[in-house]
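Student:
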Amino acid sequence: MSWVPQGLNREQLSAVEHAAGPLVVFAGAGSGKTRVITHRVAHLVESRAVPPWRILAVTFTNKAAREMRERLEKLVPGQARSLWVGTFHAVCARLLRAHADQIGLRKDFVIYDDADQKSMLTRVLRGMELDERMFAPKQVAFLINAAKQEGRSPDEFEARDPFSRTVREIYAVYEERMAASSALDFGDLIYRLVYAFRKDPTVRDAVRARFDQVLVDEFQDVNHVQFAFVEALCEQHRNLCVVGDDDQSIYRWRGADRRNILEFRSHFPDASVVKLEQNYRSTQRILRAANAVVARNLEREPKRLWTENEDGAAVTAIACDDDRDEASTVVQAMRMLIEASYTKNDIALLYRKHSQSRVFEEQLRRVNMPYRVIGGLRFYDRAEVKDLLAYLRAVHNPDEDVSLMRIINKPARGIGKTTVERLVDSAAGAKTSVHAALLAACDDDSQPATTRKKLQNFAQLLQRLRERAAVGPSALSRDVLDSTGYLAELREADSVEADSRIENILEVVASMEQYEAEASEPSLTEFLELVTLETDADRAVADDAITLMTVHAAKGLEFPVVFVAGLEEETFPHQRSGEEEDPEELEEERRLCYVAFTRARERLFLSHAHVRRVYNDVKIRRRSRFLDEVPKGELHWVGANRRGVHDGQPARSTRPEVRPANGTAYVDRSEANDTLEAGIQLGMRVRHSKFGVGQVTAVADGVPPRVTVVFPDGSRSIISSYLTPA
DNA sequence: TATGATTCCATTTTT
DNA sequence: TGGAATCATA
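Counting from 90, one number per residue, gives the positions in the first sequence under the numbering used here.
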């Protein structure tokens, strides 16, 4: 009757069946990490009879959580629903609500995203009459978030110099204002729980008593509070299974600390260790290139990914004149791949930073190639979407200042800057919410009659909406949009942007309706939480299109074909101009490069430009050291080199674009290029794994080099690297 | 209050 | 260079 895990290798199986106590799994890229976690959960439920609701599996993204749940639904039908599967933030939010009374929180707290946090901070700074240049909200937010990641309250905030002392004060006031609005920021969701654990052992014990088994995915990315949270949960039973890959840790700048996984064994001396080193994703050649780069890092858990997959096509390196040349060469290569056999969905273009996408987008548009850009502005960050949600929040809890301030004059209702400032001042003076100040002003005879009337109208609007709040999020939204004239205003504007805004708003309303239909107990609070914790990655569309995104955004994904663009010094590895090279940062860049390479299943293309436009001038760029860290024989160099020597690099005269006098073109080949595709020539007999033996009837120079071959069953255009001489 | 002018900023951004 | 945010002015 016992559930039998299937199709697992020895290491995977030992992780799945690990009996009790701490376990750390080092899971290389494409080594079946998710499989191990899901099978382990299934094993616990089915073979060890752990009640599903006593198992907690934590991820970093909603997408990972959803996938895990879906897979578990198949493995242990009917039981997956009661498992605790979610992101750190979602799980902690749920626990905070469940124990809100004990912790001293309102059950229906709202969650502030980064933008909300920043506007709250701006208000605090203005209230304290601080110079916003000295104390930039962005920087202060960073310091406060860092403090929360370290688990430090305002009292524990280290402040030796005057600047830090002021920041500490800001932090304290900020916390007060957040509490007054019953709002929690992202950092709070974990920090407040850990803080409560520390202050009140009964809370800690109550939460701890919920779970028998805890599993954490992407453990290399946990920060200090997250570690403290997990540790606190497992202190008694010690059934903690963490899975991760120190080589894929790319969020150091957000507080992720690789030591959590590297030093897991010192924290838990009795921990079992499993290493998953067999890769099921990429070809030998891709893996060799990726390994070669990351192996240069000094601080890492020793391991080497290997695969039984075939050798595959050579990793292609493309040298380009400038960024536009890079874009057109890459796009050209993509078109050929699509003509040959790939779909657009098979292809991804990765870059170090968003700004690199522009040239590619222009080029893709020029050739009418559908593409999608992942990242950039989140859907729920759009102004109109935030406006609507702010209305809902303000109706839900008028004392929540950030939302109230956002909508107080939107659409314009004559409550101008001065009036708002006066409200904020009196709220700060009386230590009340802005809403309370608003109500007071409505009854204040000393106010000018016209402003007073306007304030009263607004207060009544809120009041009326509040009475209607029970109709549910979608109906309430429609009411808001109609009675405020928000939609009407957009309709009147009658512009393309206005139309897309209307569309976005309607999409939000539609998502509310969907939520209401699906949720067991739909509530405004829960909907708002879902929306703030949700990112865009989940809204991917089904169209056939080429995917463009940063390497960061690509973590956890895989594509048959991957292009990595801009492999140049200062771009990738990224370096801020004038700053000294930090070895730790360089290692992180190298890991990032490793992540980029290992996204590819079959084909990997790496491009760099000799000249790149940066702001308004042009800069000569040396190709990335990462390219040179790949052994020479592993890279097949192609591409433009029409200029000879660049900034001291060896001129690639060894890679001539020569056409023999008789007009026969042949495929570009580089020095030390011992790949099979080199030297494929017109008339040659070649072998293809699927189509058999054929004869080359045409050769097209390009990226990738492509040839036309007549096979027994017809003529085909083939990428030359798939061919071997017959 | 709305608009144009000016200034500032530019790495990555799981939640 | 380009965009967003803030400022200045009618």
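Beta carbons: idealized from backbone N, C-alpha and C, even for Gly. Nothing here was measured: the structure is a model prediction, and the numbers come from that model.
1) Using beta-carbon positions only, say whether Thr176 and Ala204 come within less than 9 Å of one another.
2) Please determine, among Asn328, Asp571, Ile436, Glu247, the residue with the shortest C-alpha to C-alpha distance to Val419.
3) Less than 9 Å between the C-beta atoms of Arg482 and Val199, yes or no?
4) How many angstroms separate the CA atom of Gly752 from the CA atom of Met773?
5) Do Ala643 and Val684 count as a contact pair if the criterion is CB distance below 9 Å?
6) Would you mind listing the beta strand (DSSP E) stretches within the segment 634-697 that are 3+ residues and don't spill past its ends, in chain order?
7) Which one of Asn234, Val462, Ala558 has the shortest CA to CA distance from Asp632?
8) Quick check: the Cα distance between Ser430 and Phe652, rounded to an integer number of angstroms?
9) Tell me whether Leu387 is buried or exposed, calling it buried when 16 or more other Cβ atoms sit within 10 Å of its Cβ.
10) Find out if the Cβ-Cβ distance for the pair Val707, Asp490 is shorter than 9 Å.
11) Rounded to the nearest angstrom, what separates Ala862 and Arg441 at their Cα positions?
12) Are the segment 342-361 and the segment 310-317 touching, with three or more C-beta to C-beta distances below 8 Å?
13) What three-state label does DSSP hand Asn368 in the structure shown?
14) Which of the three DSSP states is assigned to Lys163 in this structure?
15) Have a look at Ala379, Phe661, Arg374, Ala422 and flag the residue whose alpha-carbon is nearest the alpha-carbon of Glu399.
16) Count the other CB atoms within 10 Å of the CB of Glu415; is the residue buried (16 or more) or exposed (fewer)?
17) Rounded to the nearest angstrom, how far is the Cβ of Met638 from that of Leu439, given a contact under 8 Å?
18) By Cβ distance, which residues of its chain are closer than 7 Å to Gln315, with the 5 residues on each side in sequence left out?
19) Could you give the distance in angstroms between the alpha-carbon of Ser609 and the alpha-carbon of Ala248?
20) Given this structure, state the Cα-to-Cα distance separating Gln738 from Leu322, to the nearest angstrom.
21) Mind checking whether Leu656 and Arg712 have CB atoms under 9 Å apart?
22) In angstroms, rounded to a whole number, what distance separates the CA positions of Ala559 and Ile594?
23) Considering only C-alpha positions, which residue in the set Ile427, Thr123, Phe449, Ser522 is nearest to Ala269?
24) Quickly, what does DSSP pair Trp395 with across the bridge? List them, please.
25) Does the beta-carbon of Gln552 have 16 or more other beta-carbons within 10 angstroms, so that it is buried, or is it exposed?
26) Could you pull out every unbroken beta strand (DSSP E) segment of at least 3 residues lying fully inside the segment 253-313, listed in chain order?
27) Among all the DSSP beta bridges, which residues are the ones paired with Thr405?
28) Specify the secondary structure class of Val114 as computed by DSSP and reduced to three states.
29) Within a Cβ cutoff of 7 Å, which residues of the same chain sit near Asn380, ignoring the five residues on either side of it in sequence?
30) From the DSSP output, which residues share a beta bridge with Lys708?
31) Quick one: what does DSSP say Leu765 is sitting in, helix, strand or coil?
32) State whether the segment 249-266 contacts the segment 214-229, with contact taken as three or more CB pairs (one from each stretch) at a distance under 8 Å.
33) Could you check the C-alpha separation between His107 and Glu221 for me, to the nearest Å?
34) Looking at the structure shown, is Thr150 part of a helix, part of a strand, or coil, going by DSSP?
Tutor: Once the coordinates are examined:
1) As a working mapping, residue 176 is identified with position 87 in the first sequence. As a working mapping, residue 204 is identified with position 115 in the first sequence. Not in contact: Thr176 and Ala204 (Cβ atoms no closer than 9 Å).
2) If you number the first sequence from 1, residue 419 lands on position 330. Minimum Cα distance to Val419 is reached at Ile436.
3) Your numbering for residue 482 matches position 393 in the first sequence. Your numbering for residue 199 matches position 110 in the first sequence. In this structure, Val199 lies closer than 9 Å to Arg482 by Cβ.
4) Locating residue 752 in the first sequence gives position 663, counting from the first residue. Locating residue 773 in the first sequence gives position 684, counting from the first residue. Model confidence at Gly752 stands at a pLDDT of 29, short of 50, so the residue's coordinates are unreliable and nothing is read from them.
5) Here residue 684 refers to the residue found at position 595 of the first sequence. Here residue 643 refers to the residue found at position 554 of the first sequence. Yes. Within cutoff.
6) 635-639, 648-653
7) For this step, residue 632 is matched to residue 543 along the first sequence. For Asp632, the nearest C-alpha among the options comes from Val462.
8) Start at 1 with the first residue of the first sequence, and residue 430 comes out as number 341. Start at 1 with the first residue of the first sequence, and residue 652 comes out as number 563. Going by the C-alpha atoms only, they are around 16 Å apart.
9) One-based indexing of the first sequence puts residue 387 at position 298. With fewer than 16 other Cβ atoms within 10 Å, it is exposed.
10) Looking up residue 707 in the first sequence gives position 618. Looking up residue 490 in the first sequence gives position 401. Cβ distance not < 9 Å, so Val707 and Asp490 don't count as in contact.
11) With the chain covering only 90 through 815, there is no way to say anything about residue 862.
12) yes
13) Within the first sequence, the letter at position 279 stands for residue 368. Asn368: strand per DSSP, three-state reduction.
14) Residue 163 sits at position 74 when you count from the first residue of the first sequence. Helix at Lys163.
15) For the purposes of this step, residue 399 is taken as residue 310 along the first sequence, with counting starting at 1. Among Ala379, Phe661, Arg374, Ala422, the Cα nearest to that of Glu399 belongs to Arg374.
16) Counting from 1 along the first sequence, the entry for residue 415 is found at position 326. Under this definition Glu415 is a buried residue.
17) Taking the first sequence and counting its residues from 1, one reaches residue 638 at position 549. Taking the first sequence and counting its residues from 1, one reaches residue 439 at position 350. Correct: roughly 6 Å between the Cβ atoms.
18) The residue labelled residue 315 in the question sits at position 226 within the first sequence. So the qualifying residues of the chain are Phe177, Ile279.
19) Your numbering for residue 609 matches position 520 in the first sequence. Your numbering for residue 248 matches position 159 in the first sequence. In a straight line, the C-alpha of Ser609 is about 48 Å away from that of Ala248.
20) As a working mapping, residue 738 is identified with position 649 in the first sequence. As a working mapping, residue 322 is identified with position 233 in the first sequence. Unreliable placement is indicated for Gln738, whose pLDDT of 37 sits below 50; no coordinate value is reported for it.
21) The residue given as residue 656 occupies position 567 in the first sequence. The residue given as residue 712 occupies position 623 in the first sequence. Yes.
22) Indexing the first sequence from 1 puts residue 559 at position 470. Indexing the first sequence from 1 puts residue 594 at position 505. Near 21 Å, if we compare the C-alpha coordinates of Ile594 and Ala559.
23) As a first step, residue 269 is located in the first sequence; it is residue number 180 there, counting from the start. Considering only alpha carbons, the answer is Ser522.
24) As a working mapping, residue 395 is identified with position 306 in the first sequence. Beta-bridge pairing links Trp395 to Gln367.
25) For the purposes of this step, residue 552 is identified with residue 463 of the first sequence, where counting begins at 1. It counts as exposed.
26) 272-274, 302-305
27) In the first sequence, the residue the question calls residue 405 occupies position 316. The partner list for Thr405 (beta bridge, DSSP) reads Phe694, His725.
28) In the first sequence, residue 114 corresponds to position 25, counting from 1. Three-state result, Val114: strand.
29) Taking the first sequence and counting its residues from 1, one reaches residue 380 at position 291. Within the same chain, Asn380 has close Cβ partners Arg393, Leu394.
30) Against the first sequence, residue 708 aligns to sequence position 619. Per DSSP, Arg701.
31) Numbered from its first residue, the first sequence carries residue 765 at position 676. Only weak support exists for where Leu765 lies, its pLDDT of 33 falling under 50; the value from the coordinates is given anyway. DSSP places Leu765 in coil when its eight states are reduced to three.
32) yes
33) Residue 107 sits at position 18 when you count from the first residue of the first sequence. Residue 221 sits at position 132 when you count from the first residue of the first sequence. Between His107 and Glu221, the C-alpha separation is close to 54 Å.
34) Your numbering for residue 150 matches position 61 in the first sequence. Coil at Thr150, not helix or strand.
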